[in-house]
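Take a look at the structure set out below.
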Amino acid sequence: MAEREAKRVGTKMVASEAGLGAGDSAAATFCTAESAITIITTATKSFIFMASIVKEFFELFVAEIIKSKREKERECEGKSEDRDERE
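At position 73 of the sequence shown the residue is numbered 559 (our numbering), and the sequence of numbers has no breaks.
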């Protein structure tokens, strides 16, 4: 298995008392890179999903703020019109 992976990445399998051979290291690196890509892809999709939810709530929040400001402006305009009529 490791030899096949080593050939795939272009290295020769070398046994060593110090640790993994070149083939084993290459195979481990290949598996690690594949796992990392999967993890990053999943994290990216999760982030995009959460960002879309936050964006929706933010837009609703901003819409409520704008609505409340407009209502206050209308109230102020109504009060100033009442004052003008009294004078």
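Glycine included, every Cβ here is placed at the ideal spot set by N, Cα and C.
Excluding sequence positions up to five away, which residues of its chain have a Cβ less than 6 Å from the Cβ of residue i?
i, result
"Glu542", "none"
"Val548", "none"
"Ile534", "none"
Among the residues of its own chain, which have a CB less than 8 Å from the CB of residue i, if the five just before and after it don't count?
i, result
"Glu559", "none"
Is any heavy atom of the ligand HEM found at a distance shorter than 7 Å from the C-beta of residue i?
i, result
"Arg556", "Ligands are entirely absent from the displayed structure, and the ligand HEM is therefore not among its contents."
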